[in-house]
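Protein chains in written order, with this note's numbering: chain A, 4 to 118; chain B, 761 to 872.
Structure first, then comments.
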């Protein structure tokens with residue numbers, strides 16, 4: 004296993020279109036996270052799954068955003084009716100539940116550009 | 761709320777210079793602290809971590825000590841290389857998973 008993978012790496016879309024991103028976590032990791040990173044900023048938390056259950060969602064995640072992890076393995080993040088303000092890098096991370104703390108390992112990200 | 765503040769960049773150093781990137785945090789409770797690095801065109805990589813007060817994280821010549829009394833986790837390296845040029849992010853999280861809170865990042869340029 005080579006780590007967290009994300010697909011696509013880049014996506015250019017027109018305003019109003021829907022887009023979907025995929026994340027494949029490290030195989031034994033049961034926790035999966037989505038973050039958004041804009042230029043010059045650190046990643047901001049969007050949502051978190053433990054196995055297939057979505058346990059936390061940020062207020063940043065508007066009604067147009069939905070995330071799923073149907074079988075507790077890969078996850079998808081869909082943005083409906085994209086807006087120019089959605090342009091960002093979308094990062095996925097995974098971790099293994101641990102007694103003390105679990106370290107999150109990040110994928111390479113999907114860069115979204117909304118025209 | 762919980763937050764991380766790190767020194768603004770860019771930081772420009774000559775090769776073999778000493779590096780310090782300051783990081784302070786605000787948190788309710790006792791978080792774990794992390795430094796992540798993002799090389800040009802690549803994803804975030806964990807550089808080092810510390811899970812409790814007075815712990816020192818170290819990796820690839822970088823060090824940071826968890827200072828509870830000053831709520832700080834400053835990153836240091838004794839002799840930087842051109843290959844250390846990247847963006848460095850300080851971050852915190854709490855046990856039990858959930859989100860990691862990141863600082864805004866500090867860009868480091870190392871000149872030959």
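Yeah, the Cβ is synthetic: ideal placement off N, Cα and C, and Gly gets one too.
Remember, predicted model here, so these are calculated numbers, not experimental data.
Listed along the chain, the chain B residues whose CB falls inside 7 Å of the CB of residue 110 of chain A are 803.
Between the region 46-64 of chain A and the region 855-867 of chain B there are three or more C-beta pairs closer than 8 Å, enough to call the two in contact.
For residue 817 of chain B, the pairing in a beta bridge is given by DSSP as B:824. Residues of chain B with a Cβ closer than 9 Å to the Cβ of residue 36 of chain A are, in chain order, 857, 858, 859, 860. Cβ neighbours of residue 809 of chain B within its own chain (closer than 8 Å, five residues either side excluded): 792, 793, 794, 795, 817.
In terms of Cβ geometry, residue 771 of chain B and residue 850 of chain B do not form a close pair [threshold 9 Å]. Interface with chain A (9 Å Cβ-Cβ cutoff): residue 864 of chain B is included.
When 8 Å is used as the limit between beta carbons, residue 75 of chain A is near no residue of chain B, the shortest such separation being about 14 Å. Shown in chain order are the members of the region 54-75 of chain A whose Cβ falls below 9 Å from a Cβ of chain B: 58, 59, 61. Chain A has no Cβ within less than 9 Å of the Cβ of residue 826 of chain B. Distance from the CA atom of residue 23 of chain A to the CA atom of residue 89 of chain A, rounded to whole angstroms, is 13 Å.
For residue 816 of chain B, there are no neighbours in chain A by C-beta distance under 7 Å, as the nearest C-beta there is about 16 Å away.
Taking 8 Å as the upper bound for CB-CB distance, residue 790 of chain B and residue 833 of chain B are not in contact here, some 13 Å apart. Within 9 Å of the CB of residue 806 of chain B, the CB atoms of chain A belong to 106, 107, 108, 109, in sequence order along the chain. Beta-bridge annotation (DSSP): residue 29 of chain A is not paired with any residue. For residue 10 of chain A, DSSP records a beta bridge to A:25. Around the C-beta of residue 774 of chain B, fewer than 16 other C-beta atoms lie within 10 Å, and the residue is accordingly described as exposed.
For residue 766 of chain B, the closest C-alpha among the options B:781, B:802, B:777 is that of B:781. Excluding its 5 nearest sequence neighbours in each direction, residue 118 of chain A has C-beta neighbours in its own chain below 8 Å: 15, 16, 17, 18, 87, listed in chain order. Under the three-state reduction of DSSP, residue 842 of chain B is assigned to helix. Rounded to the nearest whole angstrom, the CA to CA distance from residue 57 of chain A to residue 778 of chain B is 44 Å.
For residue 87 of chain A, the three-state secondary structure derived from DSSP is helix.
In the three-state reduction of the DSSP assignment, residue 780 of chain B falls in the strand class, which pools E and B.
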